[in-house]
Structure formats: structure tokens, C-alpha cells
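Student: Numbering (this note's numbering), first residue to last: 144 to 298. Where a beta carbon is used, it is the ideal one built from N, C-alpha and C, also for glycine. Treat the numbers as computed from the prediction; the structure is a model and nothing was measured.
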């Protein structure tokens, strides 16, 4: 009965309760406006280099605290820069790159034998549930449905 309810929610276009996804809340933290705009631009570039180019997003244990330490700053500055420059929080920011990488893996025929658990681990998720929730939040579908859609197009 509960599964039918979830399927009905899914088909009606609403956010699936199964993945516990809630809309983000807008907060106006005072420290965001206290960060010097030039410093914010410098930190933005450094954050992108470490997270994206150095692929720290693939490390499930890499935290905002570790990023701040690596950049010689504090977590409030990291949080402020990601919030102002990328309009999301640290977790969503990192998950965005993880999901993009997962989608690239699913699009690559060399990785057809990998299951979702393998892909989840490759891109830095600590568990399959957080992978599914983040994937659904970004794409509006599950990773498995996304892969099936890709496979039907590859034939």
C-alpha cells in the first residue's frame, strides 16, 4: 500500500517522499556580507581547483573543514563563498560534481558492467542511499531509471 502511494506521488510530479528531499531554505547569514569580494573571488577559484580539478569530490571523507584547512581559511568563509558564488551549500556543491561524474560513467559503454553501488563508490558517495537521493534531486529520476533510459538509446 505504501509503495503504491510512493509511486502515485512520483507519477504526479511531486518530490518523492522516499528520498526525503525538501526544498532548500533561504537564510541570510550575516558573515556572507562580511567576506571581502576580492577574497571571495580568489577563494572561489581555489575551491574549484581543489574540488573539481583535484577531484576531491570523489573522496567521501573530504569535508568543508578539510577544504578550509587546505586553503588556509575557515569553514565560514568556505560556506559563504559557496553560498554566494554557487548558490548552494557545501554538500550540494560537492554532490553536483559527483552526480556529473556518475552520469559520465553511465554514458560510457566501458562501464556497463558496473552496478549502482560501484558507481556510487567511484564518485565519492559513502552509501547508495545518499547517491540515490542526490541523483534524484539533480535529475528528477533515479540512477537506475536514468541508466535504463541510456541503454534503450544505445541499442
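Are the CB atoms of residue 207 and residue 221 nearer to each other than 7 Å?
Tutor: yes
Student: Are residue 259 and residue 286 touching if we call contact CB-CB under 7 Å?
Tutor: yes
Student: Could you tell me which whole beta strand (DSSP E) segments of length 3 or greater appear in the region 255-295?
Tutor: none
Student: For residue 148, which residues of its own chain have a beta-carbon under 7 Å away from its beta-carbon, when the five flanking residues on both sides are left out?
Tutor: Bear in mind that a pLDDT of 38 at residue 148, under 50, signals an unreliable position, so the model cannot answer this.
Student: On a CA-only basis, which of 230, 294, 217 and 197 is nearest residue 249? Give me that one, please.
Tutor: 294
Student: Given a threshold of 16 other Cβ atoms within 10 Å of its Cβ, counted over all protein chains shown, does residue 299 qualify as buried or as exposed?
Tutor: The requested residue 299 is not part of the displayed model; the chain covers only 144 to 298.
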